[in-house]
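Presented below is the structure to which this report refers.
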Amino acid sequence: MTADHLVLAGGGHSHALILRRWAMRPQLRPAGLITLINRHSTTLYSGMVPGLIAGHYRHSEIAIDLRRLTDRAGVALIIAEITAVETHHNRLLLAKRPPIHFQRISFDVGAETFNKDPYLERSQAALAMPIKPLEPALAWLEQQDSQRLLNDSTPLTVIGAGLAGVEVALALRQRWPKRPLNLQAHHGQPRPALKQALSRAAIVVVPSGTPLSGPALLCTGSQAPAWLATSGFPVDPFGRVRTTKTLQVINHPHCFAVGDCAVIDKAQRPAAGVWAVQAAKPLAQNLERLSRRQPTRPWQPQQLALQILGSQLTSGRFTAWAFWGDLIIGPHPWLWYWKEAIDRRFMGSFNELPSMSGVLKRQESMACRGCAAKLAEKPLNDALKQAGLGALGQQPEDAALIASTSSGDSLLQSVDGFPALISDPWLNGRLTTLHACSDLWASGAHVISAQAVITLPKVSSELQQELLVQTLKGIQSTLEPQGAKLIGGHTLEARSIPPKPINLGIQLTLSVNGKVASGRVPWSKGKLQSGDVLLLSRPIGSGVIFAAAMAGKAHPEDLDAALAQMTISQHNLLAALRSLEERHKGMQTIHACTDITGFGLLGHLGEMLSASNHQRHRAGLQPLRLILEAAAIPSLQGALLLLKAGYSSTLAPANRRNWHLLNPSINGEAAPIEIALNDVTPGSEHHQALLELMVDPQTCGPLLLACSTKIASELLRDGPWQRIGQVQPM
């Protein structure tokens with residue numbers, strides 16, 4: 001059992017409010033490592049979901065940013081799908097990654113749509129989409145939107161006529177004013193007052209079991225995720241975990257459960273967001289008491305909860321009904337505005353968090369992590385000169401040729417690493433390894449082995465063991481698909497005060513070894529040829545996205561998109577490029593190659609150009625220059641907008657010195673690198689953002705290669721490559 005590790009399983013309303021509490025009052029936060037695990041980086045506020053379906057809200061207006069919350073609360077975040085909990089081993093099983101051990105755990109994992117309605121079989125249940133989990137259902141509705149011509153005449157049926165089903169049906173009417181809509185209801189449903197509203201909205205109420213003539217949306221109540229029922233916990237008929245009034249699972253005092261996945265054994269209530277919100281404070285207080293070795297206290301939830309059902313009428317006016325047990329009030333527009341004010345205030349409370357700069361004053365300076373933590377180019381080059389190792393810019397290579405085997409293979413080696421970029425140790429280990437392997441891929445070498453130096457924060461030995469296991473598994477997740485092995489390494493314990501979360505105290509460095517097969521030569525940075533085309537393997541902009549995220553200003557979907565790209569290994573690109581060489585035997589297909597990392601696109605282009613011209617000068621050849629097509633440089637989602645807003649990585653100012661490559665020299669010669677602006681106005685905001693993009697430091701950045709026009713045509717046709725420029729004589 002891992003000591004001092006509290007896991008918050010699920011990002012439901014209770015856990016989101018607890019994170020806000022600890023962000024606003026950090027002195028209350030339990031000591032040790034706290035980790036939130038959720039399938040998404042955001043969680044949707046259920047009270048506003050019908051408004052989202054209706055088109056009244058945008059997705060961003062109802063999404064709680066869990067990354068921002070965890071950052072401010074000093075809590076680690078893992079984005080993963082929970083598949084099981086092993087109570088006898090105190091570990092949580094996750095999809096496609098190693099399990100997480102815990103000392104204490106709290107479950108707030110929401111619910112799934114109840115699928116045991118006896119009518120569903122006769123209703124062609126295969127056509128029905130469950131409303132929960134919400135994210136797949138919302139994506140399904142967008143797919144329905146995309147088939148608009150068909151959908152305007154194809155009926156959609158909402159199955160289930162409880163308050164949730166009625167509210168969803170009314171929301172769908174606003175989404176699709178002309179589409180035929182049905183609502184399947186059991187006898188006596190829905191309530192008479194709601195039947196009138198449904199009739200006015202041209203929603204036909206039909207008996208349960210009526211055959212479907214089109215797609216359907218299941219709103220038949222909820223049950224806990226299936227894996228909870230197999231956990232060994234006591235559960236009710238709906239799979240909800242039974243707890244005491246202290247919110248501790250019966251017979252499992254180190255486990256807590258709240259929200260739609262749980263029920264208090266002697267104070268049972270139907271699943272509803274209001275109780276999840278109210279449970280946040282007593283749950284937080286009991287977790288805090290356990291951390292201080294104090295006894296937990298019981299909580300008695302209120303007997304009834306006020307529920308407000310809102311809708312936009314076909315006339316365009318908003319109205320709502322209030323339900324308190326059997327009492328119904330409304331419909332009335334004022335009830336709608338009251339609900340709107342409550343919902344807006346709830347979501348607004350998550351924007352009232354302390355600034356990240358204030359949080360970091362207690363921990364460390366607001367310096368960027370990942371490859372943006374590397375030493376700037378100028379002090380690095382100056383130090384190498386003073387140490388007698390020569391100027392880095394004369395002949396830079398991504399990997400060093402260390403030996404040739406008797407069979408003619410070339411052995412290469414490189415080293416790379418940085419302080420933890422994110423608080424997920426497994427994913428951080430994977431990202432760091434991908435970044436380190438990139439140097440070998442850029443040299444045309446297949447990775448065969450690696451050694452790791454891992455510095456762990458000074459915490460309990462049990463926590464160090466857990467962090468080490470997660471990091472090593474992350475490294476292996478990158479090496480094994482390449483047929484490479486982790487053959488050794490070294491571990492260290494930091495002597496600084498651990499940050500919060502302590503996972504950010506991990507530092508990982510890898511020495512990576514690779515091989516270029518006999519008959520082939522390693523690729524070089526310095527062999528550009530006149531007429532070459534410059535190709536980039538994927539977009540850039542990760543530096544500014546992570547910098548903005550530290551300030552709490554990056555959109556969650558932009559950070560998700562950046563991480564989704566960064567976690568994809570590019571070793572398959574290497575295999576495709578080597579296969580291309582096989583098809584063109586006797587022809588040098590790849591003239592020069594590098595990867596874009598900390599010095600940014602412009603810095604690494606400068607290295608390629610400087611190294612190439614150095615060789616050409618020695619051979620008495622005319623120097624080269626580069627023409628970049630500004631509009632063709634691909635950027636990650638949201639990166640240019642953040643650059644225009646003034647955000648940048650802490651390494652970007654040092655990288656800006658490479659802008660001198662874009663300026664003509666004092667004797668009027670052409671610039672070493674020229675930007676073809678095409679439709680970009682010189683001096684415009686967009687032009688400045690492109691200049692900033694070119695010096696943005698990259699973690700797990702793209703490969704950049706130079707090849708002939710013929711080879712470029714093949715690569716552009718068959719791969720992910722983007723043409724960004726060409727090589728010309730000076």
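Take 1 as the starting number for the sequence shown in our numbering and just add one per residue. All C-beta atoms, glycine included, are put in the ideal place defined by N, C-alpha and C.
Item	Value
The segment 526-534 in contact with the segment 427-443 per 3-pair CB rule at 8 Å	no
Extent of the continuous beta strand (DSSP E) run through PRO207	203-207
Distance between ARG191 and LEU156 (C-alpha atoms, nearest Å)	21 Å
6 Å Cβ shell around ALA554 - same chain, five flanking residues per side excluded	ILE545 and ALA548
Backbone CA spacing between ILE105 and ALA257 [nearest angstrom]	8 Å
Candidates TYR647, ARG520, THR42 and ASP236, of which the one nearest ILE79 by Cα	THR42
C-beta atoms of THR597 and LEU704 nearer than 8 Å	no
Limits of the beta strand (DSSP E) - the one that GLN465 falls within	GLN465 -> not in any beta strand (DSSP E); alpha helix (DSSP H) instead, spanning 461-479.
Per-residue burial, HIS490 [other beta carbons within 10 Å of its own, 16 or more giving buried]	exposed
Residue nearest to TYR45 in terms of C-alpha spacing, selected from GLY11, TRP22 and PRO30	GLY11
Cα-Cα separation between VAL695 and GLY638, rounded to whole angstroms	16 Å
Within the segment 143-208, ranges of the alpha helix (DSSP H) (whole runs, at least 4 residues)	148-151, 163-175 and 192-200
Residue burial classification, MET587 (beta-carbon count within 10 angstroms, cutoff 16)	exposed
Start-end ranges of the alpha helix (DSSP H) lying completely within the segment 308-351, minimum 4 residues	333-348
Unbroken alpha helix (DSSP H) run spanning GLU377, endpoints	377-386
Presumed contact (8 Å Cβ cut-off) between HIS186 and ALA164, rounded CB distance	Incorrect: roughly 14 Å between the Cβ atoms, too far for contact.
GLN451 versus GLY429, SER648, ASP260 and GLU557, residue with shortest Cα-Cα distance	GLY429
Extent of the continuous beta strand (DSSP E) run through ALA592	590-595
Length-filtered (3 minimum) beta strand (DSSP E) runs lying within the segment 246-305	252-257 and 262-264
Cβ shell of LEU467 (< 7 Å), same chain only, five flanking positions each side left out	PRO425, LEU456, ASN503 and ILE506
Limits of the alpha helix (DSSP H) - the one that ARG58 falls within	Taken as a continuous stretch (DSSP letters only), ARG58 belongs to no alpha helix (DSSP H), as it is neither H nor E.
Residue closest to PRO30, alpha-carbon to alpha-carbon, out of ILE37, THR113 and ARG21	ARG21
Opening and closing residue of the alpha helix (DSSP H) in which THR681 lies	Where THR681 is concerned, there is no enclosing alpha helix (DSSP H), given that its DSSP letter is neither H nor E.
Reduced DSSP category for GLY239 - H, G, I as helix; E, B as strand; rest coil	coil
Beta-carbon contacts of MET356 that lie in its chain and below 8 Å, excluding the five residues immediately before and after	Confidence is the limiting factor: at MET356 the pLDDT is only 48, short of 50, which leaves the residue's position unreliable, though a coordinate-based value still follows. These residues qualify, in order along the chain: ASP71, ARG72, MET366, MET550, ALA551 and GLY552.
Euclidean distance between Cα positions of GLY325 and ASN115	26 Å
SER414 vs ALA403 beta-carbon contact at 8 Å	no
Counterpart residues of GLU629 in DSSP-defined beta bridges	ALA676
Cα-Cα separation between LYS178 and LEU141, rounded to whole angstroms	16 Å
Alpha helix (DSSP H) runs wholly inside the segment 492-518, at least 4 long, in chain order	none
Beta-carbon proximity list for SER213, same chain, < 7 Å, skipping 5 on both sides	PRO155
Those runs of the alpha helix (DSSP H) which lie wholly inside the segment 511-572 and span at least 4 residues	542-550 and 556-566
Where CYS437 falls: helix, strand or coil (DSSP)	helix
Residues sharing a beta bridge with LYS485, DSSP	SER449
Test item: CB-CB of TRP321 and LEU309 under 8 Å	yes
Start and end residues, beta strand (DSSP E) containing LEU93	91-94
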